[in-house]
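Shown next, in structure tokens, is the structure this report addresses.
2 protein chains.
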Amino acid sequence: MPMNFSVIHTDKETQARAGILQMERGSLETPVFMPVGTQATVKSLSPRELEEAGAQIMLNNAYHLYLRPGTEIIREAGGLHKFMNWPKLILTDSGGYQVFSLSLLRKIKDEGVEFQSHLDGSRHFLTPESVIGIQNDLGSDIMMPLDECVHYPASFDLAQKAVDRTTLWAGRSKKEWAKTQRGVLFGIVQGSTYPELRKKSAEELKSIGFQGYAIGGISVGEPQDLMYNMISFAARELPAEAPRYVMGVGLPEDILEAVSLGADMFDCVVPTRYGRNGSAFTSCGKITVRNGAYSRDRTPLDPRCDCYCCRNFTRSYLRHLFNTGEILGLRLVSYHNVYFFLDLMKKVRASLHEGRFASFKREFLSRYRQKEG
Amino acid sequence: MPMNFSVIHTDKETQARAGILQMERGSLETPVFMPVGTQATVKSLSPRELEEAGAQIMLNNAYHLYLRPGTEIIREAGGLHKFMNWPKLILTDSGGYQVFSLSLLRKIKDEGVEFQSHLDGSRHFLTPESVIGIQNDLGSDIMMPLDECVHYPASFDLAQKAVDRTTLWAGRSKKEWAKTQRGVLFGIVQGSTYPELRKKSAEELKSIGFQGYAIGGISVGEPQDLMYNMISFAARELPAEAPRYVMGVGLPEDILEAVSLGADMFDCVVPTRYGRNGSAFTSCGKITVRNGAYSRDRTPLDPRCDCYCCRNFTRSYLRHLFNTGEILGLRLVSYHNVYFFLDLMKKVRASLHEGRFASFKREFLSRYRQKEG
Chain H
1 MPMNFSVIHT DKETQARAGI LQMERGSLET PVFMPVGTQA TVKSLSPREL
51 EEAGAQIMLN NAYHLYLRPG TEIIREAGGL HKFMNWPKLI LTDSGGYQVF
101 SLSLLRKIKD EGVEFQSHLD GSRHFLTPES VIGIQNDLGS DIMMPLDECV
151 HYPASFDLAQ KAVDRTTLWA GRSKKEWAKT QRGVLFGIVQ GSTYPELRKK
201 SAEELKSIGF QGYAIGGISV GEPQDLMYNM ISFAARELPA EAPRYVMGVG
251 LPEDILEAVS LGADMFDCVV PTRYGRNGSA FTSCGKITVR NGAYSRDRTP
301 LDPRCDCYCC RNFTRSYLRH LFNTGEILGL RLVSYHNVYF FLDLMKKVRA
351 SLHEGRFASF KREFLSRYRQ KEG
Chain V
1001 MPMNFSVIHT DKETQARAGI LQMERGSLET PVFMPVGTQA TVKSLSPREL
1051 EEAGAQIMLN NAYHLYLRPG TEIIREAGGL HKFMNWPKLI LTDSGGYQVF
1101 SLSLLRKIKD EGVEFQSHLD GSRHFLTPES VIGIQNDLGS DIMMPLDECV
1151 HYPASFDLAQ KAVDRTTLWA GRSKKEWAKT QRGVLFGIVQ GSTYPELRKK
1201 SAEELKSIGF QGYAIGGISV GEPQDLMYNM ISFAARELPA EAPRYVMGVG
1251 LPEDILEAVS LGADMFDCVV PTRYGRNGSA FTSCGKITVR NGAYSRDRTP
1301 LDPRCDCYCC RNFTRSYLRH LFNTGEILGL RLVSYHNVYF FLDLMKKVRA
1351 SLHEGRFASF KREFLSRYRQ KEG
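As you go down the protein sequences, you meet chains H and V in turn.
Residue numbers for the first sequence follow my numbering, so the first one is 1 and each next one is one higher.
Residue numbers for the second sequence follow my numbering, so the first one is 1001 and each next one is one higher.
Now the structure itself:
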């Protein structure tokens, strides 16, 4: 089915915008944060907790699910929504990034990529076409094509070759997708830190034509300024009428900056990864729950937060749970962190609708940068 | 405040009975299963999940909480109910068992027990009086006195000495409790596997006088028959008008047998411990979630169960979560197991109220013993 994306508000001071992305299964209000459920579960959280926290969409990873439990099991279950009991939208990452970062002994050629599983060493061959097939089996609402991602720093030559292959694969992905036209297919802009390559990549993808565009290959170790520059540059090269998804970003300050630069969609493992380690995001900055200063602190993680964790538990109790290695501790902090990110986006959208995004961003960052616990 | 225990139904074929235990904070329908939250959390579950699963009371451990986070922190928080945000009843085990099983270099004398913490080697001295003080600080609804528990097998002489000390300490605990009369204090019958010692222990406790009686020192490695004999024997020696709590029991079949023998209260770590390891209790017996046979099994853990896990997730998905080491897997199976135990007790109570306990027990066990997955 055709996707519809409407930009409802554009900010006067920045490139920020608020919109609605409508798809067959439901719609998304943007800017949106997508909690990451790599292996068909957002780590430590249940689907009902995600819905309660306000998640509109979950991100899953085709590479991981292809290896475990295997595409066939999920297809037989009626797709990923039924398999993990998630009624809302699903975006699946193709796993291009994982093939390059996790797998062993990979051999990349224009046809596709041969690799050994990081789990058991088994050999696999993925092509742009088979990756679309996998995502069709998963029943994704938004699919990403197989792309070639380079690390930072990458030479111009290497980055250019990756762009060329990403374009080649994007075209083949689009053709494969067009056979069923299930879900929505995005293109992924690569080009490392080279503006001319980002421009080339964006133009080539535009000429293939996608319903949305992702900016990939960022947040891979480059300095923050460079990341912002690449987002800004790529966003300007992409059509205003399509959603822009900044892959793997990021911390609250990075998301706010990327929104300012015109990005609409975000995903990051940070809320749950930090949560498991006992780092909580609060309106006054990050705090380390194990910190001895909280042993008798009977305030919530974030007094400005309305989440289940903050309405019911004290820092003192959470610290006790982390000190004793109890699972409830990492569950509650993960929940709070996901809620915090989703709530931040809700406030971003409200500020855009009310024409006060720039001042919201300023005030949020000024409080957020107060301290580090 | 005075506790009130009313036996509402007594079974005609067995010693089983259904009753109501009324206390200041609320009441309990018996027979009751008490989920174990040793360190102020039932492992992996949130308080709202416990309430949803039907828990009426949580068991916590004074020894563990005295060591971490320390009694003072919990007292300052307004007690354990507020500390862990649990509005329902709390029974605290004294930690007598833990002093004997976990602590290092313990020296026991009539005055009390000196030991080194199993966590950091710090030295502590607990007396019957200080253990009541700790439970007062915790704000327990039902307190257990410090007792001396022996392992199985124990010589008659050793078991007799433990009974003598348990009686001595029970008297001093009662005196200490009487100063504030907060909560309800139970006595603990010891005596290992010696009927004459069990009788002696019960009689001495009765002459001190408690509002409820626990049967301790069982489920410590003795054969099942011997355990049932000791429960049966001790129950007969205890006053019919007081609740009988069988400590640390047990598996569904053991609980049903103990109910038949006249026991009213139970606790066990089994539902959450098995849950973390991927063993699920079902109406047709235990199943091992990781079993390859479940990789494509789209039925719930237990088709007869109405819990959140069984209403929403398949064995195939749960197996995937365990295979990938995802926390949601152990959470869901722990939740299901706790629900299963609480639901079993609900059915036991209903069958007692309707005068069909013996046939309920027979039918349950016949289905439960069908298979082992």
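All residues carry an ideal CB built from backbone N, CA and C; glycine is no exception.
Note that the structure is predicted; figures quoted are calculated from it, not measured.
Checklist entry - Can you round the beta-carbon distance between H:TYR317 and V:MET1058 to whole angstroms, since I take them to be within the 8 Å contact cut? => result That pair is no contact at about 14 Å.
Checklist entry - With 16 other CB atoms within 10 Å as the buried threshold, where does V:ASP1225 fall? => result exposed
Checklist entry - Does DSSP classify H:GLU372 as helix, strand or coil? => result Confidence at H:GLU372 is low in this model, with a pLDDT of 49, below 50, so its placement is unreliable and the value that follows should be read with caution. It is coil, neither helix nor strand.
Item to check | Under 7 Å between C-beta atoms of V:ALA1214 and V:PHE1186 | outcome: yes
Checklist entry - So V:VAL1249 and V:SER1219 are in contact, right, with Cβ under 8 Å, and what is the actual spacing, rounded? => result About 5 Å separates the beta carbon of V:VAL1249 from that of V:SER1219, a gap short enough to meet the 8 Å contact definition.
Next on the checklist: Please list, in chain order, the residues of the region 1035-1046 of chain V that have any C-beta partner in chain H closer than 8 Å.
Outcome noted: Taking 8 Å as the upper bound on Cβ-Cβ separation, chain H lies near residues GLN1039, ALA1040, THR1041, LYS1043, SER1044, LEU1045 and SER1046 of the region 1035-1046 of chain V.
Item to check | Helix, strand or coil at V:GLY1250 according to DSSP, with G and I counted as helix | outcome: coil
Checklist entry - With 16 as the cutoff for other CB atoms within 10 Å, does V:HIS1353 come out buried or exposed? => result exposed
Item to check | Beta-carbon proximity check, V:VAL1131 vs V:LEU1119, cutoff 7 Å | outcome: no
Next on the checklist: Distance check for H:MET143 and H:VAL99, CA to CA, integer angstroms please.
Outcome noted: 16 Å
Checklist entry - Within 10 angstroms of its Cβ, does V:LYS1175 collect 16 or more other Cβ (buried), or is it exposed? => result exposed
Item to check | Contact set for H:ILE134: own chain, Cβ-Cβ below 7 Å, skip 5 residues either direction | outcome: ALA62, TYR66 and THR71
Next on the checklist: Comparing C-alpha positions only, which one of H:SER295, H:ASN337, H:MET345 and H:LEU344 sits nearest to H:LEU321?
Outcome noted: H:SER295
Next on the checklist: Closer than 8 Å is the cut-off here; do at least three beta carbon pairs connect the region 33-41 of chain H with the region 255-275 of chain H?
Outcome noted: yes
Checklist entry - Apart from the five residues just before and just after V:ARG1298, which ones in its own chain have a Cβ nearer than 8 Å to its Cβ? => result Contacts found: THR1314, ARG1315 and SER1316.
Checklist entry - Helix, strand or coil: how does DSSP classify H:VAL113 here? => result strand
Checklist entry - In three-state terms, what does DSSP make of V:GLU1354? => result coil
Checklist entry - If you run the structure through DSSP and keep just helix, strand and coil, what is H:ASN277? => result coil
Item to check | Option nearest H:GLU76 by Cα separation, candidates H:LEU138, H:HIS124, H:MET265 and H:LYS88 | outcome: Ranking the options by Cα distance to H:GLU76, first place goes to H:LEU138.
Next on the checklist: Per DSSP, what are the beta-bridge partners of H:THR71 in this structure?
Outcome noted: None; H:THR71 has no bridge partner.
Next on the checklist: Taking beta-carbon pairs under 8 Å, can you tell me which members of the region 1074-1087 of chain V lie near chain H?
Outcome noted: GLU1076, ALA1077, PHE1083, MET1084 and ASN1085
Next on the checklist: What does the alpha-carbon distance come out to for the pair V:LEU1050 and H:GLU326?
Outcome noted: 16 Å
Item to check | Proximal residues of chain H, C-beta to C-beta of V:GLU1326 below 9 Å | outcome: GLN39, ALA40, THR41, LYS43 and SER44
Next on the checklist: At the level of alpha carbons, what is the spacing between H:ASN4 and H:TYR152?
Outcome noted: 35 Å
Item to check | chain H within 7 Å of V:ASN1312, Cβ atoms only | outcome: yes
Checklist entry - Taking DSSP as the reference, what is the three-state secondary structure of H:ARG315? => result helix
Next on the checklist: Tell me the DSSP secondary structure of H:MET3 in three-state form.
Outcome noted: coil
Item to check | Collapsed DSSP secondary structure at V:PHE1210 in the structure displayed | outcome: Shown here, V:PHE1210 sits in coil according to DSSP, grouped into three states, outside any helix or strand.
Next on the checklist: I'd like to know whether the C-beta atoms of H:GLN190 and H:ALA154 end up nearer to each other than 7 Å.
Outcome noted: no
Checklist entry - Which residue's Cα is closest to the Cα of H:LYS347: H:LEU332, H:TYR335 and H:GLU363? => result For H:LYS347, the closest of H:LEU332, H:TYR335 and H:GLU363 by C-alpha to C-alpha distance is H:GLU363.
Item to check | Residue nearest to V:GLN1056 in terms of C-alpha spacing, selected from V:PRO1069, V:LYS1043 and V:GLN1022 | outcome: V:GLN1022
Item to check | Every unbroken alpha helix (DSSP H) inside the region 1112-1181 of chain V [4 residues or more] | outcome: 1128-1138 and 1156-1180
Item to check | alpha helix (DSSP H) segment containing H:VAL184, residue limits | outcome: Not the alpha helix (DSSP H): H:VAL184 falls in the beta strand (DSSP E), residues 184-189.
Checklist entry - If you follow the beta strand (DSSP E) that V:MET1034 is part of, which residue opens it and which one closes it? => result 1032-1035
Item to check | Secondary structure of V:CYS1284, DSSP reduced to three states | outcome: coil
Next on the checklist: So, at 6 Å on beta carbons, what are the nonlocal neighbours of V:GLU1013 in its own chain, with the 5 sequence-adjacent residues on each side left out?
Outcome noted: ALA1358
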